[in-house]
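Here the structure comes first, spelled out in structure tokens, and everything after it is commentary.
Numbering (the numbering used here), first residue to last: 3 to 491.
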């Protein structure tokens, strides 16, 4: 509204540009100075000026961003006054935008996250520095040195058993019997190999307690070769699941992958990838190697939030993880155009709670990762944290172990017992010992071991994985984690 002339410029036909000058009295910019300059009023303004100004002047109003009214008046003129219209020099890019504006798409600004400068830069030094000041980690390491891993596992089991006793819950096997559920081993379909506990990270939730300090626990070439022989002699196996630690840091990782692919072109070869390993020194060609051999990536990303990921996995891990995902996308992973290059993500909770509904969380992950980083992936798997090793220590220190065991028992899902890992999986440790699952592996509950979990079979004791068909499945109170909610298998 023009207070001097008592007219609303949006409703009147303006004979000239002079009314624009009155807007300058009301503010310093087009955006702030006058309602007619607002985007909603441009069309009225343009129609009003069309009779006495050039086409160039009108289009100038349409295309300008908020600017000084004085500048606007100085930059426009009437052709009746004999002055030249706006030239290409004044508006060098005007008119270059296509009128097919529905076809204009904004590209994702991913350069910040691609971080090619991190290639070849190790995360290990930073991880070790953080561990030096991590009181919880140092306490656990001291106990490991004092009493050993086996005794620590026994203490964990005692703590879980006490929690269940306080809750009035029986042993897992008795609990299943009360539910009329029995676990019977099927023909093996998945061969899982943990080829080493060495890792460039030391995640707070890690149930295998991997870190850069675990340099000795690495699968040898001899053991890897024996695993390949068992794979060849067990045609029921459809999946080779390679995990760690960071399995790619074992010198025999690529040998395993190439030999397995050569033996079984149809085999689903899974690499349990932490993503940051892709930037470690000597791994510059890892992504092309994985793609060339059709390796299925199952990558850990416990949140789409930088703060949550770095809290759980270490400072700077989120940025490196996003860079890794982008590198895999560039190679075709997770894209509809490359269906053979699958890339799935894994979520596990930050604390003592169950995962959100998997299908809904997958939608959220895809929305956020696509919108913020341009990242595509195939599927999200949600896992329940198992009350073992580092996560068990975490619960015990926070006095939440009993509460968490109660949560697991309350949310027992009988449907999960039909697809438990232990039913069709053979898990092999870095030293060749054989287990029902990788959780039993970390607790030392080997197939064929005695009642106190001593002994057990190794890959050198059998000719085929079918030789284990009649061995019973070992379970214990940690198994409530695999049957709670949607499980952890």
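Just so it is clear, CB atoms sit at the ideal spot from N, CA and C, and this is done for glycine as well. None of the values given here were measured: they were computed from a predicted structure.
Sub-7 Å separation of residue i and residue j beta-carbons
i	j	result
residue 235	residue 466	yes
residue 408	residue 169	yes
residue 203	residue 310	no
residue 487	residue 356	yes
residue 117	residue 325	yes
residue 187	residue 464	no
residue 367	residue 382	yes
residue 209	residue 443	no
residue 448	residue 437	yes
Local conformation of residue i per DSSP, three classes
i	result
residue 63	Here the model assigns residue 63 a pLDDT of 39, short of 50, so the residue's position is not dependable, and the following value carries that caveat. It is helical.
residue 486	strand
residue 434	coil
residue 274	strand
residue 480	helix
residue 46	No answer about residue 46 holds up, because its pLDDT of 42 lies below 50 and its placement is not dependable.
residue 421	coil
residue 133	helix
residue 468	helix
residue 220	strand
residue 302	strand
residue 225	helix
residue 347	strand
residue 191	coil
residue 398	helix
residue 103	helix
residue 147	helix
residue 244	strand
residue 363	helix
residue 264	helix
residue 257	helix
residue 379	coil
residue 316	coil
residue 451	strand
residue 406	helix
residue 53	Low local confidence applies: a pLDDT of 40 at residue 53 is under 50, so the model's placement there is unreliable, with the coordinate-based value given in what follows. In this structure, residue 53 counts as coil in the three-state DSSP scheme.
residue 209	coil
residue 197	coil
Nearest-angstrom beta carbon gap, residue j and residue i [assumed within contact, 8 Å]
i	j	result
residue 478	residue 194	Wrong, their Cβ atoms sit about 19 Å apart, outside the cutoff.
residue 446	residue 473	With a Cβ gap of about 16 Å, residue 446 and residue 473 do not count as contacting.
residue 384	residue 358	7 Å
residue 285	residue 238	Contact doesn't hold; Cβ gap of about 33 Å is too wide.
residue 470	residue 185	Their Cβ separation, rounded to whole angstroms, is 14 Å, which puts residue 470 and residue 185 out of contact at 8 Å.
residue 346	residue 379	7 Å
residue 293	residue 343	6 Å
residue 132	residue 317	7 Å
residue 189	residue 468	7 Å
residue 240	residue 273	The pair is not a contact, with the Cβ atoms about 16 Å apart (cut-off 8 Å).
residue 434	residue 228	7 Å
Given residue i as reference, the closest of the options once Cα atoms are compared
i	options	result
residue 419	365, 160, 174 and 305	174
residue 411	424, 423 and 389	389
residue 312	120, 489, 352 and 330	352
residue 217	197, 475 and 185	197
residue 245	416, 220, 231 and 265	220
residue 136	165, 176 and 206	206
residue 165	97, 397, 224 and 374	397
residue 255	150, 463, 200 and 308	200
residue 305	321, 291 and 293	321
residue 431	343, 462, 404 and 416	462
residue 156	475, 416, 394 and 485	394
residue 485	403, 98, 414 and 257	414
residue 391	189, 160 and 230	160
residue 400	342, 365 and 354	354
residue 249	267, 288 and 366	288
residue 128	251, 315 and 99	315
residue 319	95, 120 and 98	120
residue 423	489, 149 and 180	489
residue 167	421, 417, 416 and 403	403
residue 180	145, 480, 427 and 416	416
Residue i beta carbon near the ligand MG (any heavy atom closer than 6 Å)
i	result
residue 160	The ligand MG is absent from the structure shown, which contains no ligand whatsoever.
Legend entry - Three CB pairs or more closer than 8 Å across the region 133–142 and the region 457–472: no
Legend entry - the region 336–351 contacting the region 294–307, beta-carbon criterion three pairs below 8 Å: yes
Inset, instruction - Report yes or no: do three or more beta-carbon pairs, one from the region 272–290 and one from the region 121–132, lie closer than 8 Å? - result: yes
Inset, instruction - Decide if the region 257–272 is in contact with the region 207–218; the criterion is three or more beta carbon pairs, one per stretch, under 8 Å apart. - result: no
Legend entry - Contact the region 358–368 vs the region 324–334: 3+ CB pairs below 8 Å: no
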